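Enquirer: Residue numbers (our numbering), protein chains in the order written: chain P, 3 to 153; chain C, 3 to 153.
There are 2 protein chains.
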Amino acid sequence: MVLSRTSQYAVQALIYIATQPPGEPVLNRDIAERLSVPAAYLAKILQNLCKHGILDSFRGRLGGFCLREGMHKTTLMQVLLLTEGPDFTKSCILGLKECSDATACPLHAKWIPVKKKIISLLTDMSLEDLAKAVLTGKYRLSDLPVSLLPA
Amino acid sequence: MVLSRTSQYAVQALIYIATQPPGEPVLNRDIAERLSVPAAYLAKILQNLCKHGILDSFRGRLGGFCLREGMHKTTLMQVLLLTEGPDFTKSCILGLKECSDATACPLHAKWIPVKKKIISLLTDMSLEDLAKAVLTGKYRLSDLPVSLLPA
DNA sequence: ACTCCTAAAGAGTTTTTTATCCAGTTTACG
DNA sequence: CGTAAACTGGATAAAAAACTCTTTAGGAGT
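#1: Which residues does DSSP pair with residue 57 of chain P in a beta bridge?
#2: On a CA-only basis, which of C:74, C:88, C:64 is nearest residue 56 of chain C? Give me that one, please.
#3: Quick one: does residue 74 of chain C have its CB under 9 Å from some CB of chain P?
#4: Leaving out five residues before and five after residue 76 of chain C in sequence, what residues of the same chain have Cβ atoms less than 7 Å from its Cβ?
#5: What three-state label does DSSP hand residue 128 of chain P in the structure shown?
#6: Which residue marks the beginning of the alpha helix (DSSP H) containing residue 15 of chain P, and which one marks its end?
#7: Can you find a C-beta in chain P that's less than 9 Å from the C-beta of residue 145 of chain C?
#8: Just tell me which of P:102, P:137, P:94 has its CA closest to the CA of residue 5 of chain C.
#9: With a threshold of 9 Å between beta-carbons, can residue 107 of chain C be considered close to chain P, or not?
#10: Within the continuous alpha helix (DSSP H) that includes residue 35 of chain C, where are the two ends?
#11: Any beta carbon from chain P within less than 9 Å of residue 91 of chain C's own beta carbon?
#12: According to DSSP, is residue 85 of chain P part of a helix, a strand, or is it coil?
#13: When the Cα atoms are used, what is the spatial distance from residue 102 of chain C to residue 108 of chain C?
If you want it as structure tokens, here you go:
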């Protein structure tokens with residue numbers, strides 16, 4: 003039902019970065035605090051997103067992480083294909099390696115329409131959309147109550 | 003997108019047992035071979051299903067595992083609540099502990115309808131239904147090609 | 001040039017999940 | 001009875017996922 007913790011952290015962090023003024027690098031430390039997530043682990047995840055061209059990183063003073071130019075339009079699906087692996091959309095609910103119309107598990111027929119809904123949902127949502135939603139103040143990215151959020 | 007391997011094995015095994023003549027205990031070894039799954043590990047999973055009243059087990063010669071009386075109607079949801087834990091249906095896609103209408107993650111509104119579809123799918127499918135589907139010969143429970151299935 | 005602040009990189013640790021092993025108990029059957 | 005076949009339960013091991021630590025390197029300000 004859920005994603006790996008790595009994917010959750012990646013998505014949360016990307017949305018958070020997308021809510022920040024573009025061009026101003028965001029510190030790993032600040033993201034970790036804001037999401038109450040282990041900083042060293044998050045750093046690894048962000049590095050990986052850099053390698054794959056979603057983020058830019060800057061070292062030294064005034065350093066940090068920024069969404070790369072144009073990457074506000076990145077969809078959740080694009081992110082999850084990186085963090086969950088390229089077979090993310092191919093998974094069979096029973097774990098079969100091969101589960102197509104030809105060689106189907108007994109759940110296949112019922113599962114496919116639901117899976118399509120999930121995929122289109124993930125493909126429709128961009129970081130920009132989600133960041134805007136968060137900026138309305140109606141939604142949260144972490145379990146921290148709003149009153150305890152770092153300034 | 004997927005279930006734990008433990009859940010996958012549990013569901014596969016239960017469906018397989020449901021395809022076998024009721025009252026005749028099925029050997030753990032046979033199930034493991036049929037699904038090409040580690041036998042010792044599967045045994046633990048089956049024991050757990052016994053503890054929770056879905057299966058009956060019999061020791062000694064002519065021993066094995068049977069669906070408990072009336073348990074052909076067991077739904078996938080009932081099984082997954084055991085194998086994935088009682089919070090299985092409560093999970094937030096971003097991993098928030100609290101993600102309700104009041105305290106929602108930015109995906110919440112779009113995710114809920116999909117989640118409902120998943121839940122009703124899992125709640126509608128019984129072991130009996132799935133076993134019947136398998137018995138038609140159109141579906142498979144493991145990656146083994148039909149030609150290699152143990153007799 | 002020097003120093004401080006940052007990410008990068010790699011190795012190492014801990015925890016969870018998955019898988020194995022073995023000695024013990026139960027049962028059927030000869 | 002005795003033996004082989006089957007589950008049981010506890011301990012253990014291996015693999016994967018989550019997380020940490022330490023060192024290195026690069027950029028900004030003085």
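Think of the CB as a built atom: it goes at the ideal place given N, C-alpha and C, for glycine as much as any other residue.
Just so you know, these numbers come straight off a predicted model, no measurement behind them.
Expert: The structure says:
#1: For residue 57 of chain P, the beta-bridge partners assigned by DSSP are P:69.
#2: It is C:74 whose Cα lies nearest to the Cα of residue 56 of chain C.
#3: The C-beta of residue 74 of chain C comes no closer than 9 Å to any C-beta of chain P.
#4: Residues 56, 128, 129 of the same chain have their beta carbon placed closer than 7 Å to that of residue 76 of chain C, with the five preceding and five following residues left out of the count.
#5: Strand at residue 128 of chain P.
#6: Per DSSP, residue 15 of chain P is one residue of the alpha helix (DSSP H) stretching across 7-21.
#7: It does: the Cβ of residue 145 of chain C has a partner Cβ on chain P nearer than 9 Å.
#8: Comparing C-alpha distances from residue 5 of chain C to each of P:102, P:137, P:94 shows the shortest one belongs to P:94.
#9: Yes, its Cβ sits closer than 9 Å to a Cβ of chain P.
#10: Element bounds for residue 35 of chain C: 30-37.
#11: Taking Cβ atoms only, chain P reaches closer than 9 Å to residue 91 of chain C, which makes this a yes.
#12: In the structure shown, residue 85 of chain P sits in a helix (DSSP, three-state: H, G or I).
#13: If you take the alpha carbons of residue 102 of chain C and residue 108 of chain C, they lie about 11 Å apart.
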